[in-house]
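Heads up: the protein sequence lines correspond to chains A and B, in order.
FYI, in this note's numbering the residues of the first sequence are 1 to 436.
FYI, in this note's numbering the residues of the second sequence are 437 to 514.
All C-beta atoms, glycine included, are put in the ideal place defined by N, C-alpha and C.
Small disclaimer: the values here were computed from a predicted structure and weren't measured.
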Amino acid sequence: MLGAFRSALTTPDLRRKILFTLGMVVLYRLGATIPSPGVSYPNIQQCVEVLQGESQSVYSLLNLFSGGALLQLSVLSLGIMPYITASIIVQLLQVVIPRFEQLKKEGQSGQAKLTQYTRYLTVALAVLQATGIVALAVRGQLFPGCQQEVIPDNSVLNMVVIVVTMTAGAALLMWMGELITERGVGNGMSLLIFTSIASRIPAEGGNILNNSGGFVFAVICCFGLVIIASVVFVEQAQRRIPVQYAKRMIGRRMYGGTSTYLPLKVNQAGVIPVIFGSSLLYLPQLLGQLAGNQNTWWSRFIQTYIVDPSSWVHILLYMAMIIFFAYFYVSITFNPEERADEMKKFGGFIPGIRPGRPTAEYLSFVLSRITLPGALYLGIIAVLPNFFLGVTGGQGGAQNFPFGGTAVLIMVNVGLDTVKQVESQLTQRSYEGFLR
Amino acid sequence: MTLLLQIMVLLTSILLVLLVLLHRAKGGGLSSLFGGGMQSNLAGSSVAEKNLDRMTLFVIALWVISIIGTGLLIKLGG
Chain A
1 MLGAFRSALT TPDLRRKILF TLGMVVLYRL GATIPSPGVS YPNIQQCVEV
51 LQGESQSVYS LLNLFSGGAL LQLSVLSLGI MPYITASIIV QLLQVVIPRF
101 EQLKKEGQSG QAKLTQYTRY LTVALAVLQA TGIVALAVRG QLFPGCQQEV
151 IPDNSVLNMV VIVVTMTAGA ALLMWMGELI TERGVGNGMS LLIFTSIASR
201 IPAEGGNILN NSGGFVFAVI CCFGLVIIAS VVFVEQAQRR IPVQYAKRMI
251 GRRMYGGTST YLPLKVNQAG VIPVIFGSSL LYLPQLLGQL AGNQNTWWSR
301 FIQTYIVDPS SWVHILLYMA MIIFFAYFYV SITFNPEERA DEMKKFGGFI
351 PGIRPGRPTA EYLSFVLSRI TLPGALYLGI IAVLPNFFLG VTGGQGGAQN
401 FPFGGTAVLI MVNVGLDTVK QVESQLTQRS YEGFLR
Chain B
437 MTLLLQIMVL LTSILLVLLV LLHRAKGGGL SSLFGGGMQS NLAGSSVAEK
487 NLDRMTLFVI ALWVISIIGT GLLIKLGG
């Protein structure tokens, strides 16, 4: 294990990549602490202190994704969230708009065009979100219960400057993510999310330690480790469908004749269903906050059943959404007919099943059966912290709680992915890898 | 002085957004975002891309300097 680390660092190419990635991460964390121009830094600090105690806020998920930069109104406060939202929208539009579907089928060039659309959409969404946050901050709704003025000078020019700066920050972050993907290790965007979530761990852990004492803290840490191990276990699980390739001669060389397998992951969709589900569940909450009036019957209904993370309605709704989105996303990303066609084209077949349509039917049958435990697992992991609300120090910290739910899923997924990439770089040079 | 710096922040921010959007789109969007396997970038960076990188870095430097400048002015009560 340690030897693998050493050989990773002694390979000049890999060392440069790792150092580049680390440098970018450091820059990101630095940028997350620079306050936007026109924002009063001492006042913000006081307001965040006030909010630490209750930590019940609409933005807990957003704040988690931005690593606490959002509530600081820093330059990079939007974080990677606009990009995630934009890619979700573009991904969903592929089902609705025929032109997008056509682009997706075009292969590399179409994909590049789709990515370009995603980037334009990111900037547009960043402007929207920045405007929203600045408006909330000026009206004093971002920090309920805090008397300090966060933005002392609320002239139009000043607000425009803040909005434009945050938008530029989001664009900059997008570029940094792409640079990491290109020149570093791992996927840049997900590494940036990983960084911001991981940076919340010490603060949240400290909160628990202060509120509930050492014993509870130790129990929670052990519990977190168990959850991480089980997440790794399920993430690595896959069903291997045997595929036999027919022998054929092209020119004087023999191709095929091998038997391989088609791996179908139990959790094919990754963490995307969780992100979709939680984003959608935050919508009614956000609407309620914007409407302001707390006494109409529907806002009370939303408060008691949908917003409150310990209510059964909330938990069941969240689970149902995750399961639905798991199936939905798998059906978008994995096309059994395409896969069966490809196999047929290259002379492959699954033993016992005829190529063509029966193969496609078999694949979709196996996939829909295997996705069920995957979806259930995602749902259970995601709602797990809701059962521990009493332990984690009152309301609201549920999604923030870094040892369960969305945070652990994302961190473990990204970590595994990055280690696998480093590993494949190492094995290219025939060194021993991290994973045995 | 504050007004000047604010205008500077505005201009550099807009320029930065435009420059970032000018870069060639990389990565396959969300599908590769969370454990979606790897794709190799076969296309190397061209000279134009390199110059674009340099310009972007320059604009970023200006942006950061003007932001920190405004922050300092506010703190000093200017």
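Exercise. Count the other C-beta atoms from every protein chain shown that fall within 10 angstroms of the C-beta of B/I443, then say buried if there are 16 or more, exposed otherwise.
Key: Counting Cβ neighbours within 10 Å, B/I443 comes out exposed, since fewer than 16 surround it.
Exercise. At 7 Å on the CB atoms, spell out the chain A contacts of B/I450, in chain order.
Key: In chain order: V164.
Practice problem: Examine chain B for any beta-carbon lying closer than 9 Å to the beta-carbon of A/Y41, and answer yes or no. | Solution: Yes - at least one Cβ of chain B is within 9 Å of the one on A/Y41.
Self-check item: Collapsed DSSP secondary structure at A/Q238 in the structure displayed
Solution: In the structure shown, A/Q238 sits in a strand (DSSP, three-state: E or B).
Quiz item: Is the stretch 123-130 of chain A touching the stretch 81-89 of chain A in the sense that three or more CB pairs, one from each, lie closer than 8 Å?
Solution: Touching, per the Cβ criterion.
Quiz item: Going along the chain, which residues of the stretch 261-275 of chain A sit with their C-beta nearer than 7 Å to a C-beta in chain B?
Solution: Residues passing the 7 Å Cβ filter: G270, V271 and I272.
Exercise. Report buried or exposed for A/L78, applying the criterion of at least 16 other Cβ atoms within 10 angstroms of its Cβ.
Key: It is buried - the Cβ of A/L78 has at least 16 other Cβ atoms within 10 Å.
Self-check item: A/L192 beta carbon less than 9 Å from that of A/Y28
Solution: With respect to the 9 Å criterion, A/Y28 and A/L192 are classified as neighbours on the basis of their beta carbons.
Quiz item: What do you get for A/N207, buried or exposed, if any count of 16 or more other CB atoms within 10 angstroms of its CB means buried?
Solution: Burial call: buried.
Quiz item: In chain A, what lies closer than 8 Å to B/V445 by C-beta?
Solution: Within 8 Å Cβ-Cβ: P37, V161, V164 and T165.
Quiz item: Does the Cβ-Cβ distance between A/F325 and A/Y245 come in under 9 Å?
Solution: In this structure, A/Y245 does not lie closer than 9 Å to A/F325 by Cβ.
Self-check item: For A/R16, the first and last residue of its enclosing alpha helix (DSSP H)
Solution: That run of the alpha helix (DSSP H) goes P12 to G31.
Quiz item: Are there 16 or more other CB atoms within 10 angstroms of the CB of A/L114, so buried, or fewer, so exposed?
Solution: By the Cβ neighbour-count rule, A/L114 is buried, with 16 or more other Cβ atoms within 10 Å of its own.
Quiz item: When you compare only the Cα positions, how much space is there between A/L103 and A/Y117?
Solution: If you take the alpha carbons of A/L103 and A/Y117, they lie about 11 Å apart.
Self-check item: Host alpha helix (DSSP H) of A/I302 (start-end)
Solution: Where A/I302 is concerned, there is no enclosing alpha helix (DSSP H), given that its DSSP letter is neither H nor E.
Quiz item: Going along chain B, which residues have a C-beta under 8 Å from A/I34?
Solution: Within chain B, the residues near A/I34 are V500, I503, I504 and G507.
Quiz prompt | A/G244 - DSSP class collapsed to helix/strand/coil | solution = The amino acid at residue 244 of chain A is misidentified as Gly; the sequence shows Gln. In the structure shown, A/Q244 sits in a strand (DSSP, three-state: E or B).
Self-check item: For A/Y255, the residue or residues it bridges with in DSSP
Solution: According to DSSP, which records beta bridges pairwise, A/Y255 is partnered with A/R248.
Quiz item: If you follow the alpha helix (DSSP H) that A/D341 is part of, which residue opens it and which one closes it?
Solution: For A/D341, the enclosing alpha helix (DSSP H) stretches over residues P336 to K345.
Quiz item: Is the CB of B/L528 under 9 Å away from at least one CB in chain A?
Solution: For chain B, the structure presents residues 437 to 514; residue 528 of chain B sits outside this window and is missing.
Exercise. Could you check the C-alpha separation between A/P152 and B/M437 for me, to the nearest Å?
Key: Approximately 18 Å between the Cα atoms of the pair.
Exercise. Measure the C-alpha to C-alpha separation of A/I323 and A/R248 and round it to an integer number of angstroms.
Key: If you draw a straight line from the Cα of A/I323 to the Cα of A/R248, it is about 43 Å long.
Quiz prompt | Assigned exposure category for B/K486 - 16 Cβ within 10 Å defines buried | solution = When all chains shown are included, B/K486 counts as exposed.
Practice problem: For A/S448, I'd like the list of residues in its chain whose CB is within less than 8 Å of its CB, leaving aside the five on either flank, ordered along the chain. | Solution: Here chain A covers residues 1 to 436 and nothing more, so residue 448 of chain A does not appear.
Self-check item: Three-way DSSP call (helix, strand, coil) for A/P224 in this model
Solution: In the sequence as presented, Pro is not what sits at residue 224 of chain A; that position holds Gly. Three-state DSSP puts A/G224 in a helix.
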